[in-house]
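Taking this note's numbering, I'd label the letters of the sequence shown as residues 62 to 213. Using N, Cα and C, we set each Cβ at its ideal position, and we do this for glycine too. Being a predicted model, the structure only gives us computed values, none of them experimental. Please read the structure below before turning to the comments.
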Amino acid sequence: MSAPHPLRPDVAPDAGSDVPPAAAAAAAAPGSRPATALPPVWRELVQAPGGDRVTALLAFALAQEAGDEAATRLPQRRAEAEKLLGEWSFRHLHNHAESIRQEATRSALAGLKPPPGFATLVAAGFVATLLAGGLGWIAIAAGWLGRLPVVG
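As structure tokens, then:
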């Protein structure tokens, strides 16, 4: 396995990098290829904004892996890179759909109030019983129950 190459050689290796200085020095050894040594055609594609940059970098990696240096195969490599990225994103979404659902459920439940506890429910039942008994006592004391029509 080769040593990691710095993405931006103009930045000091210790500026926010998790690569130890020894590995950074090994990466800058003679014979290693810096990140700016891309052919001009690829350099234009890599500097494109948004997702085009990722596609261009993957297309360049596919071309390097196949040993293809000609810029004539650029559209084929780019189409292959877009196809591979599309397949990877679909697999990633498919494989992580359950964790995405669980996270959405967890965040939806986090916004709800917790249900009442046992003591709260017992107290509410006791208050309801007292209210019903008090209303019944008032109805008996006021004579309202004698005026109810008798069915039967």
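Pair every Cβ in the segment 114-125 with every Cβ in the segment 137-144, then say whether three or more of these pairs are closer than 8 Å.
yes
Contact defined as beta carbons within less than 8 Å: I believe R139 pairs with T166. What is the distance between those atoms, to the nearest angstrom?
R139 to T166, Cβ: 39 Å. No contact.
Pick out the complete beta strand (DSSP E) segments inside the segment 124-165, 3 residues or longer, and give them in chain order.
Along the segment 124-165, the beta strand (DSSP E) does not occur as any fully enclosed run of 3 or more residues.
Is the beta carbon of A200 sitting closer than 7 Å to the one on L191?
No, the Cβ-Cβ distance between A200 and L191 is not below 7 Å.
Whole-Å CB distance - A124 paired with R134, under 8 Å assumed:
Their Cβ separation, rounded to whole angstroms, is 7 Å, which keeps A124 and R134 in contact under 8 Å.
So, with DSSP's three-state summary, where would you put P210?
coil
Counted within 10 angstroms of its Cβ, other Cβ atoms place H153 as buried (16 or more) or exposed
exposed
Hey, how far is the Cα of L196 from the Cα of G186?
15 Å
Straight-line CA distance for P176 to A169?
15 Å
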